[in-house]
Amino acid sequence: MAVEPDAKKQTIREELDKLNYEYKVEIPKRIAEARAYGDLKENAEYHAARERQAFVKARIAQLVARLNQMKELRKDSIAGDKIGFGAAVTVFDLDTGDRIEFVFVSPDEIDPSAGKISLSSPIGIALQNRQAGEEVEVAIPAGTRRYYIEKIVTIHGNKFEKRYGG
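Position 152, counted from 1, in the sequence shown is what our numbering calls 140; the numbers after and before it change by one each time, with no gaps.
Set out below in structure tokens:
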């Protein structure tokens, strides 16, 4: 299944809303409660709340930066017939005979064990802007792989398929 940028943006906005509430409402309450215990040097609750505050602040900055990057990502700027961001791809490994599925995702969604990889990975670089029916060689840490691109489903919902017949 191809990635839908608008759905990802909504997920980020929801997380951002929760974190902003925690940062502006919940954490200040915890800090105030911890201060009431007295000496801050050995106050574990106070230090834990301050650590959480720093973490939440950093995560908010990270999510805001990600949203700003995604503003630049417009669906109409992504090819509708080639491998690009959000595409789900099935390749046939010409060396092993295995069929492998990939989805090209943003850096914060990468999960190689689930087939979610980045376009900046070695496989992503080799497959980017390719079409169904093409053969590619991919240099990966384990050596070189030869893939035949069998199927592409783009974020536009376009589906292109050419099964390997070799």
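In this text, a Cβ means the ideal position worked out from N, Cα and C, and glycines have one as well.
Taking the CB atoms as reference points, tell me whether residue i and residue j lie closer together than 7 Å.
i	j	result
I137	E122	yes
R204	D86	Limits of the chain in this structure are -11 at one end and 154 at the other, which puts residue 204 out of reach.
I71	L7	no
E89	G103	yes
I15	Q41	yes
Y9	A22	no
K150	A127	no
I113	S106	no
I111	L55	no
F80	Y152	yes
The alpha helix (DSSP H) with residue i in it runs from where to where?
i	result
I19	15 to 23
G112	110 to 115
Nearest CA to the CA of residue i: which residue from the options?
i	options	result
P95	V124, Q50, N8	Q50
K45	K150, K104, E2, Y11	Y11
A37	R18, R23, L28, Q(-2)	R18
Q116	F43, F92, V52	F92
S108	G74, T78, V79	G74
R118	E3, T78, K(-4), V13	T78
T142	A24, D69, N31	D69
Return helix, strand or coil for residue i, following the three-state DSSP convention.
i	result
E33	helix
V77	strand
I71	coil
R38	helix
T84	coil
A120	coil
K150	coil
D27	coil
Give me the DSSP bridge partner(s) of residue i.
i	result
Y11	According to DSSP, which records beta bridges pairwise, Y11 is partnered with nothing at all.
D99	K104
Can you give me the start and stop residues for the beta strand (DSSP E) that residue i sits inside?
i	result
A127	123 to 128
Y135	131 to 141
V91	87 to 92
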